[in-house]
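*Asks:*
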Ligand SMILES: Nc1nc2c(ncn2[C@@H]2O[C@H](COP(=O)(O)OP(=O)(O)OP(=O)(O)O)[C@@H](O)[C@H]2O)c(=O)[nH]1
Ligand SMILES: [Mg+2]
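In my numbering, the protein residues as written are 1 to 265.
1. Can you tell me whether residue 78 is buried or exposed, with buried defined as 16 or more other CB within 10 angstroms of its CB?
2. Going by DSSP, which residues form a beta bridge with residue 210?
3. According to DSSP, is residue 108 part of a helix, a strand, or is it coil?
4. Using the DSSP secondary-structure output, state which residues sit across from residue 136 in a beta bridge.
5. Per DSSP, which one or two residues make a beta bridge with residue 52?
6. For residue 216, which residues from the same chain have a beta carbon less than 7 Å from its beta carbon, with the 5 sequence-adjacent residues on both sides left out?
7. Which ranges would you report for the alpha helix (DSSP H) in the stretch 175-212 if only whole runs of at least 4 residues count?
8. On the three-state DSSP scale, how would you describe residue 297?
9. Can you tell me the Cα-Cα spacing of residue 225 and residue 63, whole angstroms?
10. On a Cα-Cα basis, can you pick out the residue from 147, 192 and 149 that is closest to residue 237?
11. Residue 17 to residue 260, Cα distance in whole Å?
12. Confirm the yes/no value for this check: CB of residue 26, any heavy atom of ligand 1, distance under 7 Å.
13. Straight-line CA distance for residue 244 to residue 131?
14. Are the CB atoms of residue 56 and residue 98 within a distance shorter than 8 Å?
15. Considering residue 99, what are the terminal residues of the alpha helix (DSSP H) in which it resides?
16. Using three-state DSSP, classify residue 62 as helix, strand or coil.
17. Start and end of the alpha helix (DSSP H) containing residue 158?
18. Got a sec, what are the start and stop residues for the alpha helix (DSSP H) residue 121 sits in?
19. Ligand 2 and residue 222: does the residue's C-beta get closer than 7 Å to at least one heavy atom of that ligand?
20. Alpha helix (DSSP H) containing residue 41: first to last residue?
21. State the beta-bridge partners of residue 67 as determined by DSSP.
22. Using DSSP with H/G/I as helix, E/B as strand and the rest coil, what is residue 84?
23. With DSSP run on the structure shown, which of helix, strand or coil describes residue 169?
24. With residue 204 and residue 190 assumed to form a contact (beta carbons below 8 Å), what rounded beta-carbon distance in angstroms separates them?
25. I think residue 105 touches residue 114, with their Cβ atoms under 8 Å apart; what is that distance to the nearest whole Å?
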């Protein structure tokens with residue numbers, strides 16, 4: 001896979017770990033000490049001490065890259081890739097996937113709005129047969145989400161619309177906190193460069209027939225730094241993606257009808 005021009009890598013050698021966790025970061029210097037501390041404890045207490053964590057710094061203008069570099073120099077489970085300019089969350093995920101060689105690949109938020117300590121539960125579901133496992137804030141069994149009412153309602157609405165279009169019992173399409181089988185990542189080609197990439201991956205995965213599992217999980221509010229999500233950009237990107245999904249679903253239905261027609265003749 002080709003990497004964007006200006007990509008800088010520090011120890012990108014995720015080949016040997018059973019799980020690689022991709023952590024996209026954009027201007028997250030304030031939250032990094034807390035995140036790294038939690039990951040260190042998690043590795044010690046949950047049997048994930050052989051996992052690798054691949055941080056993708058997406059042209060941060062604060063000290064995110066400097067802090068990651070210093071951490072990577074001291075601890076071999078930390079790897080860092082950097083875009084020289086900000087290319088967006090989807091582009092950062094593509095770069096992370098291009099480097100990750102492990103059979104199980106996870107993605108997480110760097111602001112710990114889903115607890116990283118839950119990752120082994122998601123990875124275990126991949127090992128027992130699922131192809132995509134997602135944290136699910138909008139699952140009926142999830143505890144009430146923290147955060148802005150408007151953001152919560154918009155996110156719920158978007159997922160409800162995708163669920164309706166796709167016609168399957170998946171409740172949450174927008175959580176970055178996920179685990180995938182590596183072959184599944186190789187099958188899913190997504191185009192979005194921004195936040196909509198997360199929903200696009202799930203939609204394309206479901207349409208490709210992947211086995212999806214959801215783990216009900218409470219969305220917590222951000223404790224450090226600022227949100228990178230611009231609501232207006234996200235609304236536009238999701239409207240586009242809803243139209244694209246509707247077209248993909250109707251093309252599939254038309255193919256199905258043609259097949260039935262041929263069988264009947
Ligand atoms: N690499 C990269 N990561 C990004 C970019 N924008 C956001 N992220 C990361 O993606 C994750 C989610 O972004 P957030 O800003 O937390 O967005 P959110 O979770 O929808 O909103 P809040 O939690 O309320 O802030 C975080 O780890 C961000 O650092 C980007 O342009 N590039
Ligand atoms: Mg967040």
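Quick reminder that beta carbons are idealized off the backbone N, C-alpha and C, glycines included.
Note that the structure is predicted; figures quoted are calculated from it, not measured.
*Replies:* Taking the coordinates as given:
1. Around the CB of residue 78, 16 or more other CB atoms lie within 10 Å, so the residue is classed as buried.
2. None; residue 210 has no bridge partner.
3. Coil at residue 108, not helix or strand.
4. Answer is 216, bridged to residue 136.
5. Under DSSP, residue 52 takes part in a beta bridge, and its partners are 20.
6. Answer for residue 216: 136, 139, 141 and 142, listed in chain order.
7. Taking 4 residues as the shortest admissible run, the stretch 175-212 contains the following complete alpha helix (DSSP H) segments, listed from N- to C-terminal end: 182-187 and 196-207.
8. Since the first and last residues shown for the chain are 1 and 265, residue 297 lies out of range.
9. Rounded to the nearest whole angstrom, the CA to CA distance from residue 225 to residue 63 is 12 Å.
10. Closest by C-alpha distance to residue 237, out of 147, 192 and 149, is 192.
11. Between the C-alpha atoms of residue 17 and residue 260 there is a straight-line separation of about 46 Å.
12. At a cut-off of 7 Å, the beta-carbon of residue 26 counts as near ligand 1: some heavy atom of the ligand is closer than that.
13. Going by the C-alpha atoms only, they are around 23 Å apart.
14. Against a cut-off of 8 Å, the Cβ pair of residue 56 and residue 98 comes out as no contact.
15. Residue 99 -> alpha helix (DSSP H) spans 89-99.
16. It is coil, neither helix nor strand.
17. That run of the alpha helix (DSSP H) goes 149-166.
18. Counting along the chain, the alpha helix (DSSP H) containing residue 121 begins and ends at 119-127.
19. Shortest gap from the CB of residue 222 to any heavy atom of ligand 2: under 7 Å.
20. Per DSSP, residue 41 belongs to the alpha helix (DSSP H) from 32-45.
21. Per DSSP, none; premise fails for residue 67.
22. Looking at residue 84 - three-state DSSP - the assignment turns out to be coil, as it is neither helix nor strand.
23. DSSP, reduced to helix, strand and coil, places residue 169 outside both helices and strands of the structure shown, so it counts as coil.
24. With a Cβ gap of about 6 Å, residue 204 and residue 190 count as contacting.
25. In fact, because the Cβ distance is near 16 Å, the residues do not count as touching under 8 Å.
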